[in-house]
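Structure record follows, encoded as structure tokens.
Numbering (UniProt numbering), first residue to last: 1 to 172.
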């Protein structure tokens, strides 16, 4: 396995997490994850069209692909929208680990069934172990977030001073 290819893939993963954080801010600014997804895809499309016109990859399409091959665009839009909705409630870390688990499980299903003209075969033991570790990671990161949220609520409550409880009688 090429070290540069692995580093590039790692960089793509880092970019996904950063993109999720940027898009979460964009969704907050625009008021909806769907609007943020649209802006995300319009900006990305403008960049890709520019690179294609310049001929960065040195090739031009010679035929229109089969319609099922366009599903990547639909799945990409669903990914961005659902990731934004999840990150808004769960946080970027939990969402990123959950997406990674989903990618691993999806890769295992696609690889074992031969979907989308991929070679079919049994998942390797290392893939199964990796998926199990990712399940554990989702649980651990989720609990960490819940603990942090509970700690923040306690801190906010303690900093706001004593609270008046109308159902509790106070001795004067």
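Every residue, glycine too, gets a C-beta built ideally from N, C-alpha and C.
Relative to the C-alpha of residue 96, which candidate in 6, 15 and 2 has its C-alpha closest?
Among 6, 15 and 2, the Cα nearest to that of residue 96 belongs to 15.
Could you tell me whether the Cβ atoms of residue 173 and residue 77 are closer together than 7 angstroms?
With the chain covering 1 to 172 only, the question about residue 173 has no answer from this structure.
Alpha carbon to alpha carbon, what distance is there between residue 7 and residue 108?
22 angstroms
State the Cα-Cα distance for the pair residue 65 and residue 81, rounded to the nearest angstrom.
25 angstroms
Go ahead and pull the three-state DSSP assignment for residue 42.
helix
Reducing DSSP to helix, strand and coil, say where residue 62 ends up.
coil
Assuming the contact rule is C-beta atoms closer than 8 angstroms, residue 83 and residue 94 should be a hit. Round their C-beta distance to whole Å, please.
Actually they do not touch by this definition, with Cβ atoms about 11 angstroms apart.
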